[in-house]
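Trainee: Got a structure for you, questions after.
Residue numbers (the numbering used here): 403 to 720.
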């Protein structure tokens, strides 16, 4: 899950002629100047932040933030709204849902002042009771109907995230139905690859949702639980991801919602994920049409490239 005080930075790569902006989670800097400097040092242009910074800032500070980014050619791409028990937009408890709606309406007003382009929201929390899940799936649409009014007023889009099993919105068709019921240009989908992998067939979920996707969270896991591993270090089929992505005309930031593998820095993670999405991971055919990926025994990182032109984190000679 996103860190509330975090921001996301993006870097542009080219993939089969398609411009792709990768983004990563990092702690927000103390001043606008420090944040801009950090982005410049890494060749980055956009950020996604957690909600807390905006909720805690006064209106003038937010306007200054917007101006500071615009003056330097940077974008505040998105903000992740609060989530979890007590902050549930599909809460069956009417008072909780009302308070959560009010908080999200305030957040939309705040991020609008800061020039943020969209807010990512969860459709609900985990629930074992299937009847309650059905009720929650209806209640989130009611909440969204109120939020899109404020979103349009503030010029901020809402991105509804696909969820893990036993959550409303874990099924691609169900999530798509939530969005289509409102038919608002201010509402779309945030596709989380890790959630889709745990929920079942990642590619199927992606293909179902792709025409409504307005932002991404990419991460990896072993298919059993939400682990937020760096893409490539779980069992997600990233070739499937690339195949579907290249059918889209998506040019906005794609957030890597994971920490760098093995204590590496952000720059190295960007390098590895870029190689991964360019299908440059060094592999060989395994049994039953599986693929085995080469990993360096010294640094523990995957090896990318070809047998004649490759790299790992420590560049150990194979």
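C-beta: ideal position from N, C-alpha, C; glycine also.
Taking the C-alpha atoms as reference points, what is the distance between residue 534 and residue 544?
Mentor: Along the chain shown, one-based indexing puts residue 534 at 132. Along the chain shown, one-based indexing puts residue 544 at 142. Cα to Cα, residue 534 sits roughly 15 Å from residue 544.
Trainee: Go ahead and pull the three-state DSSP assignment for residue 439.
Mentor: Here the question's residue 439 lines up with position 37 in the chain shown. The answer is helix: DSSP assigns residue 439 an H, G or I state.
Trainee: By the DSSP assignment, the alpha helix (DSSP H) with residue 668 in it spans what residues?
Mentor: On the chain shown, position 266 is the one that residue 668 refers to. Residues 668 to 679.
Trainee: CB residue 632 to CB residue 655, shorter than 8 Å?
Mentor: By 1-based counting over the chain shown, the position of residue 632 is 230. By 1-based counting over the chain shown, the position of residue 655 is 253. In this structure, residue 655 does not lie closer than 8 Å to residue 632 by Cβ.
Trainee: In the structure shown, what three-state DSSP assignment does residue 470 receive?
Mentor: Locating residue 470 in the chain shown gives position 68, counting from the first residue. Here residue 470 sits in helix by DSSP.
Trainee: Measuring alpha carbon to alpha carbon, tell me which residue in 576, 710, 677 is nearest residue 566.
Mentor: Here residue 566 is taken as the residue at index 164 of the chain shown, counted from 1. Taking only the C-alpha atoms, the option nearest residue 566 is 576.
Trainee: Mapping DSSP to helix, strand and coil, what is residue 629?
Mentor: Here residue 629 refers to the residue found at position 227 when the chain shown is read from its first residue. Of the three classes helix, strand and coil, the one that applies to residue 629 here is coil, per DSSP.
Trainee: Quick check: residue 498 and residue 506, are their CB atoms within less than 8 Å of each other?
Mentor: Start at 1 with the first residue of the chain shown, and residue 498 comes out as number 96. Start at 1 with the first residue of the chain shown, and residue 506 comes out as number 104. No, they are not a contact pair.
Trainee: Any chance you could list the alpha helix (DSSP H) runs of at least 4 consecutive residues sitting entirely within the region 514 to 563, in chain order?
Mentor: Runs found: 532 to 556.
Trainee: Using DSSP with H/G/I as helix, E/B as strand and the rest coil, what is residue 432?
Mentor: In the chain shown, the residue the question calls residue 432 occupies position 30. Coil.
Trainee: Hey, out of 586, 475, 712, whose CA is closest to residue 551's CA?
Mentor: Residue mapping note: residue 551 aligns to position 149 of the chain shown, counting from 1. Residue 586 is the option with its Cα nearest to residue 551.
Trainee: Where DSSP assigns a beta bridge to residue 450, which residues make up the other side?
Mentor: By 1-based counting over the chain shown, the position of residue 450 is 48. Answer by DSSP bridge pairing, in chain order: 480.
Trainee: Could you compute how far the alpha carbon of residue 441 sits from the alpha carbon of residue 456?
Mentor: Your numbering for residue 441 matches position 39 in the chain shown. Your numbering for residue 456 matches position 54 in the chain shown. The alpha-carbon atoms of residue 441 and residue 456 are separated by roughly 19 Å.
Trainee: How big is the Cα-Cα spacing for residue 557 and residue 453?
Mentor: Your numbering for residue 557 matches position 155 in the chain shown. Your numbering for residue 453 matches position 51 in the chain shown. Approximately 17 Å, taken between the alpha carbons.
Trainee: Identify whether residue 640 lies in helix, strand or coil by the three-state DSSP scheme.
Mentor: On the chain shown, position 238 is the one that residue 640 refers to. DSSP places residue 640 in helix when its eight states are reduced to three.
Trainee: Let me confirm a value: residue 650 is counted as buried when at least 16 other C-beta atoms fall within 10 Å, else exposed. Which label applies?
Mentor: On the chain shown, position 248 is the one that residue 650 refers to. When all chains shown are included, residue 650 counts as exposed.
Trainee: When you compare only the Cα positions, how much space is there between residue 713 and residue 706?
Mentor: Here residue 713 corresponds to residue number 311 of the chain shown, with the count starting at 1. Here residue 706 corresponds to residue number 304 of the chain shown, with the count starting at 1. So the alpha carbons of these two residues sit roughly 5 Å apart.
Trainee: Using the rule of at least 16 other Cβ atoms within 10 Å of the residue's Cβ for burial, across every protein chain shown, is residue 711 buried or exposed?
Mentor: Numbered from 1 along the chain shown, position 309 holds the residue referred to as residue 711. It is exposed - the Cβ of residue 711 has fewer than 16 other Cβ atoms within 10 Å.
Trainee: For a test of the three-state rule: what should DSSP assign to residue 655, helix, strand or coil?
Mentor: The residue given as residue 655 occupies position 253 in the chain shown. In the structure shown, residue 655 sits in a strand (DSSP, three-state: E or B).
Trainee: Taking residue 435 as the reference, which of 474, 449, 425 has the closest Cα?
Mentor: Locating residue 435 in the chain shown gives position 33, where the first residue counts as 1. The option with the nearest alpha carbon to residue 435 is 474.
Trainee: Is the beta carbon of residue 548 closer than 8 Å to that of residue 523?
Mentor: By 1-based counting over the chain shown, the position of residue 523 is 121. By 1-based counting over the chain shown, the position of residue 548 is 146. The answer is no: Cβ separation not under 8 Å.
Trainee: Below 7 Å CB to CB, which residues in the same chain sit around residue 518 once its five sequence neighbours on both sides are set aside?
Mentor: In the chain shown, counting from the first residue as 1, residue 518 sits at position 116. Closer than 7 Å at the Cβ level, and outside the excluded window around residue 518, lie 478, 480, 481, 558.
Trainee: Could you pull the DSSP bridge partners for residue 685 from this structure?
Mentor: Here residue 685 corresponds to residue number 283 of the chain shown, with the count starting at 1. Per DSSP, 695.
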